[in-house]
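Worksheet for the structure shown next.
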Amino acid sequence: MKKLIFLSFLGILLINCKGKTDKAREIIEKSIEVHGGAKYDNFDAEFDFRQFHIKLSQHNGQFQYERISKDSARNDIWDVVNNKGYLRLINGNQVTLSDKDQEKYKNAVNSIAYFVLLPYKLKDEAVNLEYVGNAIINSEKYDKIKVTFDKEGGGKDHEDVFCYWFNQKTHMLDYLAYANGGPRFRRVKNRQVVGGIVFQDYENFAITDTTLKTHEYDKAFISGSDSLLSVIEQKNIIVK
0 MKKLIFLSFL GILLINCKGK TDKAREIIEK SIEVHGGAKY DNFDAEFDFR QFHIKLSQHN
60 GQFQYERISK DSARNDIWDV VNNKGYLRLI NGNQVTLSDK DQEKYKNAVN SIAYFVLLPY
120 KLKDEAVNLE YVGNAIINSE KYDKIKVTFD KEGGGKDHED VFCYWFNQKT HMLDYLAYAN
180 GGPRFRRVKN RQVVGGIVFQ DYENFAITDT TLKTHEYDKA FISGSDSLLS VIEQKNIIVK
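Numbering that gives the first Met the number 0 applies: residue 0 is where the sequence shown begins, and numbers increase by one.
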């Protein structure tokens, strides 16, 4: 009897988990559609981000992300991530880096691409989704999606927990939060639609209450118990 009860409970739990995942996936698919939809599958974009020039390219499953800058000696530095891996070019010549530096620069490029290409990036195979409820922020209703990553394919942030707030009316991604390197809560400051794709600038807030779970960071934002750290912007955007 106890075994039967346990199996019944486990079955209900699995059904509930699947339901939360399916609901999260449905919300994200609607958001991807209003942020750019099929435009994400084939595009070439470039923009300025802080001291870097960024190029993002995706075509039928093939991608290449480039971060271009100059060092103190005015050398041209290119960090390139694509389906084959990572490489660094200095003045057009490939250079050999330590494994530690390769991972560092690869993660830096991937991080820029990841946040710029949200919510599209939430379709990646390594992403785990869970619907965790709703919230009201500035009189707008939101669905909250918790995101974790598989170790395989999840990058350096595979142990982190993210949360995304999707506007129930517009389906736009208006807020996001993450724990590692933080805790941080981002609010959309500005939007530009270029080439049919939505590019978002954010205000980046530090959450001072470290007892909160990632999907609860909106409580700190609503109560004002946070502090503005920086503004994250893409400038001079071109999409082909």
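C-beta atoms are modelled at their ideal positions from N, C-alpha and C, and glycine is treated no differently.
As the structure is a computational prediction, the values presented were derived from the model and not from experiment.
Worksheet entry | Residue span of the beta strand (DSSP E) that contains Ala107, given as start and end | Unbroken run through Ala107 is the alpha helix (DSSP H), Asp98 to Val115; no beta strand (DSSP E).
Practice prompt. Give me whichever residues DSSP pairs with Gly60 in a beta bridge.
Written response: None, per the DSSP bridge assignment.
Fill in: Same chain, Cβ closer than 6 angstroms to Tyr177, five either side skipped, listed in chain order
Contacts found: Asp159, Phe161 and Arg183.
Fill in: Asp70 in three-state terms, based on DSSP
The answer is coil: DSSP assigns Asp70 none of H, G, I, E or B.
Discussion item. Going by C-alpha to C-alpha distance, which of Val115, Asp149, Ile76 and Tyr113 sits closest to Ala125?
Written reply: The shortest Cα separation from Ala125 among Val115, Asp149, Ile76 and Tyr113 belongs to Asp149.
Worksheet entry | beta strand (DSSP E) segments (min. 3 residues) lying fully within the stretch 161-201 | For secondary structure counted as the beta strand (DSSP E) over 3 or more consecutive residues, the stretch 161-201 holds these complete runs in sequence order: 161-166, 172-177 and 183-193.
Fill in: Best match in Asp173, Asn179 and Glu102 for proximity to Tyr201 [C-alpha to C-alpha]
Among Asp173, Asn179 and Glu102, the Cα nearest to that of Tyr201 is on Asp173.
Worksheet item: Between which two residues does the beta strand (DSSP E) harbouring Asp159 extend?
Response: First-last for Asp159: undefined, no H or E at that position.
Worksheet item: So Tyr141 is in the beta strand (DSSP E); what residue range does that whole segment cover?
Response: Unbroken beta strand (DSSP E) run through Tyr141: Glu139 to Phe148.
Worksheet entry | Collapsed DSSP secondary structure at Arg24 in the structure displayed | Reduced to three states, the DSSP call for Arg24 is helix.
Worksheet entry | Exposure label - His58; buried when at least 16 CB within 10 Å | Result: exposed.
Discussion item. So, with DSSP's three-state summary, where would you put Ser229?
Written reply: Looking at Ser229 - three-state DSSP - the assignment turns out to be strand.
Item to complete: Report all residues from its chain with a CB closer than 6 angstroms to the CB of Phe198; omit the five preceding and five following residues, and keep chain order.
Response: Spatial neighbours of Phe198 in its own chain (CB-CB distance under 6 angstroms, excluding positions within 5 residues in sequence) are listed in chain order as Gln191, Gln233 and Ile236.
Worksheet item: Within this structure, are the beta carbons of Ile136 and Phe165 separated by less than 8 angstroms?
Response: Not in contact: Ile136 and Phe165 (Cβ atoms no closer than 8 angstroms).
Fill in: Residue environment, Thr169, which counts as buried when at least 16 other CB atoms sit within 10 Å
Classification of Thr169: exposed, given that the 10 Å Cβ count is below 16.
Item to complete: Throw me the rounded Cβ distance for the Ile26 and Asp142 pair, which I believe falls under 8 angstroms.
Response: So it is a contact: roughly 5 angstroms between Cβ atoms.
Worksheet item: What are the start and end residues of the beta strand (DSSP E) that includes Lys38?
Response: Per DSSP, Lys38 belongs to no beta strand (DSSP E) and is neither H nor E.
Practice prompt. Compute the Euclidean distance between the alpha carbons of Lys140 and Gly132, then round it to the nearest angstrom.
Written response: Straight-line Cα distance between these residues: approximately 11 angstroms.
Practice prompt. State buried or exposed for Lys241, treating a residue as buried only when at least 16 other CB atoms are found within 10 Å of its CB.
Written response: There is no way to answer for residue 241, as the model of the chain reaches only from 0 to 239.
Worksheet item: How about Gln93 and Ser68: do their beta carbons lie closer than 8 angstroms?
Response: In this structure, Ser68 does not lie closer than 8 angstroms to Gln93 by Cβ.
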